[in-house]
Amino acid sequence: MMRSDSGSEHREVLDADDVQRALTRIAHEVLERNKGADALVLLGIPTRGVQLADRLAARIADVEGTPVPHGSLDITMFRDDLRLRPARGLGRTELPSGGVDDAVVVLVDDVLFSGRTIRAALDALGELGRPRAVQLAVLVDRGHRQLPIRADYVAKNLPTSNHEQVRVLLSEVDGRDAVVIGGGDAVAAEVS
Amino acid sequence: MTRHLLSAGDLSPDDATLILDTADELARISDRPVKKLPTLRGRTVVNLFFEDSTRTRISFEAAAKRLSADVINFSAKGSSVSKGESLKDTALTLEAMGADAVVIRHSASGAPHTLAHSGWIGGSVVNAGDGTHEHPTQALLDAFTMRRHLTSLDGRSVVVVGDVLHSRVARSNVLLLRTLGAKVTLVAPPTLLPVGVEQWPCEYSYDFDSVLRGADAVMMLRVQRERMNAAFFPSVREYSRRYGLDAERMRRLPEHAIVMHPGPMNRGLEITAEVADSPRAVIVEQVKNGVSVRMAVLYLLLSGSDSALTGQLVPEEVAL
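These protein sequence lines map, in sequence, to chains V and Y.
Just so you know, we're using my numbering here: the first sequence kicks off at 99 and counts up by one.
Just so you know, we're using my numbering here: the second sequence kicks off at 25 and counts up by one.
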């Protein structure tokens with residue numbers, strides 16, 4: 099089940115059921131905090147934040163009985179490390195038809211780490227309009243922040259060491275739901 | 025990795041697809057109220073134009089500015105070039121001013137290649153048209169436009185009609201479309217097809233009417249009036265009748281086929297006004313797409329510590 103070609107240890111910290119329950123809980127927290135789904139817009143950060151935002155929107159829609167606008171927000175062109183790495187392709191920015199002006203935007207990402215992705219997301223969002231408020235939902239907060247940024251909704255706080263890698267697997271992309279943690283070379287994945 | 029874009033033939037299928045996909049995302053930005061990204065802030069792009077070209081220059085200028093690069097326009101007229109400065113001295117001047125990229129248009133085929141490989145400048149070189157050789161960003165914007173209308177280019181049939189002999193647009197299109205899996209047919213009078221066209225990775229024909237039925241896209245090339253007296257064809261009327269796209273020929277195209285032209289058009293010569301203004305003509309759209317494609321090229325060459333383009337040649341690459 100678990101890939102261990104590299105020989106390093108890695109373990110599953112959330113299984114499929116845990117991920118499901120966590121998303122349901124976050125959906126309720128979002129609704130509770132914002133007193134309903136009015137003016138809510140969920141924006142996922144590619145890649146896996148997009149699927150998480152889709153799922154959250156579906157859950158909130160189930161509870162409230164009305165569809166919730168959701169989309170994706172690519173941050174590539176706003177990264178602060180662009181010049182440290184070779185140029186790369188872009189992800190998709192897809193806003194709901196109503197835009198983000200005066201909305202309460204909930205940014206959705208899989209892992210919160212340095213906070214630099216979220217800083218870039220705030221800049222990217224600023225180009226698209228002026229939300230009334232911006233909140234942040236993440237599946238995993240693994241610590242090691244380099245910027246004064248925190249999440250409003252967290253499924254799992256996961257103390258990690260800096261060299262470990264945390265990877266969120268989602269059935270839409272990876273065939274199953276899980277959160278996996280491993281040594282530096284254990285999970286060959288880009289973790290933002 | 026390749027820092028330059030000199031020939032459409034230098035692009036691997038992955039490179040070409042990456043540029044088109046990136047352009048797709050960037051095209052969405054031009055629909056936004058704020059059409060600007062901070063990505064190339066602090067980078068300098070020099071438009072070095074030794075030949076007149078309004079549309080290509082302003083397209084590159086718009087592309088660079090939307091990415092927040094500083095743009096310096098350097099045109100040969102009224103510059104020290106008209107006082108006899110060499111390409112080398114001009115290049116050294118630009119290098120001293122800190123150009124991160126030089127977009128060059130030159131009447132001599134191979135000038136961008138010389139600039140890129142001379143060691144005179146350290147930045148990226150983008151070919152914006154050199155002599156009768158190549159115009160890779162035009163081919164990219166053409167491919168981008170076709171992909172938007174025809175979903176994919178794989179297996180599609182593209183007919184390129186007109187003065188292939190002098191056309192850098194045709195050369196770049198043949199190379200790029202082949203890379204992307206499309207079939208190209210060149211149509212021209214024998215006098216306007218280059219020697220050795222049999223060796224190009226495409227078909228050719230002298231008979232426009234015979235290829236209409238199977239075309240997914242028809243690209244009309246500009247008749248270069250300046251060459252009109254060189255006896256490449258008997259008369260303008262004769263050329264129009266045999267190789268011009270009029271409403272009658274357009275009706276014989278498949279229903280989904282699009283009509284393209286790199287501009288500027290000679291209405292009534294290679295294309296009638298009726299065709300140029302018809303809904304099947306995507307000529308204005310090509311201009312708009314040019315900005316997105318050039319943004320993608322500048323972004324992929326300049327935004328990182330290294331270019332995103334691999335420049336890996338397909339083994340059986342043919343040089344035109």
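We put the CB at the ideal spot given by N, CA and C, even for glycine.
Span of the beta strand (DSSP E) around V/D239: 231-239
Is the beta carbon of V/A151 less than 8 Å from the beta carbon of V/L141? With contacts defined as CB atoms closer than 8 Å, V/A151 and V/L141 qualify as a contacting pair.
Secondary structure at V/Q118, three-state DSSP: helix, strand or coil? In the structure shown, V/Q118 sits in a helix (DSSP, three-state: H, G or I).
Output the boundary residues of the beta strand (DSSP E) element that contains V/R265. 263-267
Closest Cα partner of Y/A255 within the set Y/L216, Y/S229, Y/Y267: Y/L216
Which whole-angstrom value is the C-beta distance of Y/S31 and Y/P160, which I expect to be below 8 Å? 6 Å
Take the Cβ of Y/E85 as the centre, count every other Cβ of all protein chains shown within 10 Å, and call the residue buried at 16 or more, exposed below. buried
Where does the unbroken alpha helix (DSSP H) through Y/N197 begin, and where does it stop? 192-203
Tell me whether V/S195 is buried or exposed, calling it buried when 16 or more other Cβ atoms sit within 10 Å of its Cβ. The Cβ neighbour count for V/S195, taken over all protein chains shown within 10 Å, is under 16; the residue is labelled exposed.
Do three or more CB pairs link the region 149-166 of chain V to the region 33-43 of chain Y at distances below 8 Å? no
Along the chain, where does the alpha helix (DSSP H) containing Y/H28 start, and where does it finish? For Y/H28, there is no enclosing alpha helix (DSSP H), as DSSP gives it neither H nor E.
Y/A123 and Y/G155: beta carbons closer than 8 Å? The beta carbons of Y/A123 and Y/G155 sit no closer together than 8 Å.
Using three-state DSSP, classify Y/L174 as helix, strand or coil. helix
Residues in the same chain with beta-carbon distance under 6 Å from Y/A135, minus the five sequence neighbours each way, listed in chain order, please. Excluding positions up to five away in sequence, the list reads D154.
For Y/E294, does the count of other Cβ atoms within 10 angstroms reach 16, so buried, or fall short, so exposed? Of the other Cβ atoms in all chains shown, 16 or more fall within 10 Å of the Cβ of Y/E294; this residue is therefore buried.
For Y/S309, would you say it is in contact with chain V, using Cβ-to-Cβ distances shorter than 8 Å as the test? The residue you asked about is not Ser; residue 309 of chain Y is Glu in the sequence shown. Answer no: the Cβ-Cβ gap between Y/E309 and chain V never drops below 8 Å.
When the Cα of Y/G202 is compared with those of Y/Y230, Y/T169, Y/A163, Y/H173, which residue comes out closest? Reading off the sequence shown, one finds Arg at residue 202 of chain Y, where the question assumed Gly. Nearest C-alpha to Y/R202: Y/A163.
Determine the direct distance from the alpha carbon of Y/N71 to that of Y/P57, and round the result to whole angstroms. 26 Å
Taking 8 Å as the cut-off, does the region 265-278 of chain Y touch the region 46-61 of chain Y (at least 3 CB pairs, one atom from each stretch)? no
Using the beta-carbon of each residue, which ones in chain Y are nearer than 8 Å to V/R265? Within 8 Å Cβ-Cβ: nothing; V/R265 doesn't reach chain Y, min ~24 Å.
I want to know whether the region 220-236 of chain Y touches the region 299-309 of chain Y - three or more CB-CB distances under 8 Å. no
Throw me the rounded Cβ distance for the V/L154 and V/A235 pair, which I believe falls under 8 Å. Between V/L154 and V/A235, the beta carbon gap of about 7 Å places them in contact (Cβ cut-off 8 Å).
Classification of Y/S191 by the beta-carbon crowding that lies within 10 angstroms, buried from 16 upward: buried
By the 10 Å Cβ neighbour count, where 16 or more other Cβ atoms means buried, how is Y/V149 classified, buried or exposed? buried
Would you decide whether Y/R180 is buried or exposed? Buried here means 16 or more other CB atoms lie within 10 Å of its CB. buried
What residues in the region 191-217 of chain V bring their beta carbon closer than 7 Å to a beta carbon of chain Y? T191
Give me the residue from Y/R265, Y/A88, Y/R67, Y/M121 with the minimum Cα distance to Y/A320. Y/A88
Inter-residue Cα distance where the pair is V/Q244 and V/L226: 25 Å
Interface residues of chain Y facing V/V180 [CB-CB closer than 8 Å]: The sequence shown places Leu at residue 180 of chain V, rather than the Val named in the question. Result: T63, S327, G328.
The region 244-259 of chain V touching the region 203-220 of chain V, judged by at least three CB pairs closer than 8 Å: yes
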